[in-house]
Amino acid sequence: MAELINPNPEVRGRKQTTRSVECNPNCGEGDREPIDALEIFEHIRDITDPEHPNSLESLSVVDEKLIEVDDARSCVKVQFTPTVQHCSMATLIGLCLRVKLLRCLPQRFKVDISVTPGTHASEAAVNKQLADKERVAAALENPNLLDMVNKCLAASEVDNLANLAA
Amino acid sequence: MGTLEELQTLEGHSDRVWSVRWSPSGDMLASCSGDKTVRIWTRQRSSGRWACCAFLEESHHRTVRSCSWSPDGRYLATGSFDATTAIWERQDGVWEQVATLEGHENEVKGVAWSPSGSLLATCSRDKTVWLWESLPMNEYECVDVKHGHSQDVKMVAWHPKGEVLASCSYDDTIKLWVDSDDEWICVQTLAGPGIGHTSTVWAVAFEVSGARMVSCSDDLTLRVWSCNFDDVGEPNWKLQSVISGYHTRTIFSVDWSPQGAIATGSADNAIRIFTETGTSPDTGVPGQPTFSLAASKESAHLSDVNGVHWHPKLPGLLASAGDEGVIKLWQFTPAELLSLHA
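Protein sequence lines, in the order shown, are assigned to chains A and B.
Residues 1 to 166 in full-length UniProt numbering are what the first sequence lists, from first letter to last.
Residues 1 to 342 in full-length UniProt numbering are what the second sequence lists, from first letter to last.
Written out as structure tokens, the structure is:
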């Protein structure tokens, strides 16, 4: 990249997260724990920004508060906040989020990815592209684009493997 | 309410099924998929069940998005994200690729054979619609390239009489094209506040008579358009009714049966059937029909329903294509027939 879109982003540390609701005591062995916003956040927080060597969490692009989950209705809504209004990487970030959740959530989930309202100059256009499954499917058949997505996802996937091993 | 009964699940594709199309005589079903293949299904004489009888593979190297049968059922055209359209010919039960149509800059999203079989229309993410003439010896010649849409063109569909081609797009519009002195011109664009769809138009389908057309969209509505003729006899398509309030996610596919039922496939996993129920009590205007839900199947597929297509001959037989990689066959029975049988 010749010139950075946001040369000096604000970087914050990794937040300690705790489940706001304790595990249901009536939840017996074999019962499935419903998927919640924290679980979704754990999946996406370590995705690397396409432009900086930082995680989406550290750049405040993703936030647990901007994730809505309705497990019973199999719906997940994730809003993300580009670091600058004219971020040309917004669609790529959205695509990374979509691919990550596509890979780690059961197929029954309907995932909606959108820009946090008011945080991007082309908000409607970015949202429309991210919602178009045909465009997303075609993008993921493009080896260069898929390579870029996989590079951004690599850190988050390593982390998941580490969690599994722990 | 009528019923929509599941008859059979056809398994075999290893990725999402994008589209299903019955052959003109109804003896074959073609399906195309993200697994880069096309499958042909026929009815087994012994069991009466549908089974896969042919794979069309190793031609497209990316998703096969759509397919269309020639009117005589001998050829199948397939459009792929690899930017090409392939023509397949069936001879003695064996399918062979006989032509490749190249020209689109990127993903071919829709392909449609004209009712006479002499023309093939294709559309692409490159925003264009191409018209190809079918010549002897499996030659195809591009006769026109139409610009006009400002975004990718999702689908093309021919009027049953073959004089009008409809295209619909990510630009939220539907365009109608006619042949005028060897050039295809856009005679009407269905769009705008209070008239057109407010998001991507995914598909259009004509009523069997050609008098009306239905479109479906990411705006969660269906729109029914009727063809009126003005003083000088030029066709003019007008919005006749809006069907809304049923779908909770994008409507990807719509088809109008020879018996008059409209079927939809949606990202909310449901298949819905609508039939006409007479004049609207709100407007009371003759010729302003309303459509109401005649049957529905929530969770028809485990995931998005990408395509629906009515059988051309057997009333109420519907095929659907699902994101989970399966095709399902359904029997729609309208309420009137159910009460007759009761």
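Each residue gets a CB set at the ideal place from its N, CA and C atoms; glycine is no exception.
Please read these numbers as outputs of a predicted model, since none were measured by experiment.
{"query": "Could you run through the stretch 58–79 of chain A and flag, in chain order, every residue whose CB is less than 7 angstroms away from some CB of chain B?", "result": "none"}
{"query": "Counting beta carbon pairs with one atom in the stretch 250–263 of chain B and one in the stretch 200–210 of chain B, are three or more of them shorter than 8 angstroms?", "result": "yes"}
{"query": "Answer with buried or exposed for A:Q79, where buried requires no fewer than 16 other C-beta atoms within 10 angstroms of its C-beta.", "result": "buried"}
{"query": "CB-CB under 7 angstroms to B:T3, same chain, minus the five flanking residues each way: which ones, in chain order?", "result": "A295, T333, L338"}
{"query": "By Cβ distance below 8 angstroms, which residues in the same chain neighbour A:C23 in space, the five residues on each side in sequence not counted?", "result": "Reliability fails at A:C23, whose pLDDT of 49 lies under 50, so the model's placement of it is uncertain and no value is given."}
{"query": "Along chain A, in chain order, which residues have C-beta atoms closer than 7 angstroms to that of B:E107?", "result": "A138"}
{"query": "Let me confirm a value: B:D231 is counted as buried when at least 16 other C-beta atoms fall within 10 Å, else exposed. Which label applies?", "result": "exposed"}
{"query": "Closest Cβ-Cβ distance between A:E123 and chain B: below 8 angstroms?", "result": "no"}
{"query": "Within the chosen definition, does the stretch 99–109 of chain B reach the stretch 47–58 of chain B through at least 3 CB pairs nearer than 8 angstroms?", "result": "no"}
{"query": "Taking B:G278 as the query, report the chain A residues whose CB atoms sit under 8 angstroms from its CB, ordered along the chain.", "result": "Simply none; closest approach about 35 angstroms."}
{"query": "Starting from the C-beta of B:G26, find all residues in its chain whose C-beta is less than 6 angstroms away, skip the five residues before and the five after it, and write them out in chain order.", "result": "H311, P312, K313"}
{"query": "Can you find a C-beta in chain B that's less than 8 angstroms from the C-beta of A:D132?", "result": "yes"}
{"query": "So B:L10 packs on B:V326, CB below 8 angstroms; how close in whole Å?", "result": "6 angstroms"}
{"query": "Helix, strand or coil: which one does DSSP assign to B:V17?", "result": "strand"}
{"query": "In chain B, which residues lie with their C-beta within 8 angstroms of the C-beta of A:R108?", "result": "L302, S303"}
{"query": "Does chain A have any CB closer than 8 angstroms to the CB of B:T63?", "result": "yes"}
{"query": "So within the stretch 73–140 of chain A, which uninterrupted alpha helix (DSSP H) runs reach at least 4 residues, ignoring any that extend past its ends?", "result": "90–104, 123–131, 133–140"}
{"query": "Select from B:T277, B:A263, B:G278 the residue whose C-alpha is nearest the C-alpha of B:I271.", "result": "B:A263"}
{"query": "Between the stretch 166–176 of chain B and the stretch 101–119 of chain A, are three or more C-beta pairs nearer than 8 angstroms?", "result": "no"}
{"query": "Just checking: is the beta-carbon of A:E141 within a distance shorter than 8 angstroms of some beta-carbon in chain B?", "result": "yes"}
{"query": "For A:V149, which three-state DSSP category applies?", "result": "helix"}
{"query": "Does any residue of chain A bring its CB to less than 8 angstroms from the CB of B:Y170?", "result": "yes"}
{"query": "Count the other CB atoms, across all protein chains shown, that sit within 10 Å of the CB of B:V17; report buried if there are 16 or more and exposed otherwise.", "result": "buried"}
{"query": "When we look at the beta-carbon of B:N269 and count the other beta-carbons within 10 Å, is it buried (16 or more) or exposed?", "result": "buried"}
{"query": "Enumerate, from N- to C-terminal direction, the unbroken beta strand (DSSP E) stretches of 3 or more residues contained entirely within the UniProt repeat \"WD\" (298–340) of chain B.", "result": "305–310, 317–322, 327–333"}
{"query": "Report yes or no: is there a C-beta of chain A within less than 8 angstroms of the C-beta of B:E102?", "result": "no"}
{"query": "May I ask you to list the residues that DSSP assigns as paired with A:D63?", "result": "According to DSSP, which records beta bridges pairwise, A:D63 is partnered with nothing at all."}
{"query": "Assign B:V94 to one of two classes, buried (16 or more other C-beta atoms within 10 Å of its C-beta) or exposed (fewer than that).", "result": "exposed"}
{"query": "Using a C-beta cutoff of 8 angstroms, does B:G93 count as contacting chain A?", "result": "no"}
{"query": "A:R45 and A:S60 - do their beta-carbons sit closer together than 8 angstroms?", "result": "no"}
{"query": "Which of helix, strand or coil does DSSP assign to B:E139?", "result": "strand"}
{"query": "Excluding the five sequence neighbours on either side, which residues of its own chain have a C-beta within less than 7 angstroms of the C-beta of B:D15, listed in chain order?", "result": "S33, G34, D35, G325"}
{"query": "Distance, Cα to Cα, B:A77 vs B:W113?", "result": "8 angstroms"}
{"query": "Would you mind listing the beta strand (DSSP E) stretches within the UniProt repeat \"WD\" (194–226) of chain B that are 3+ residues and don't spill past its ends, in chain order?", "result": "201–206, 212–217"}
{"query": "Using only the alpha-carbon positions, how far apart do B:S19 and B:S68 sit?", "result": "10 angstroms"}
{"query": "Among A:L66, A:E51, A:A90, A:F109, whose alpha-carbon lies nearest the alpha-carbon of A:S74?", "result": "A:F109"}
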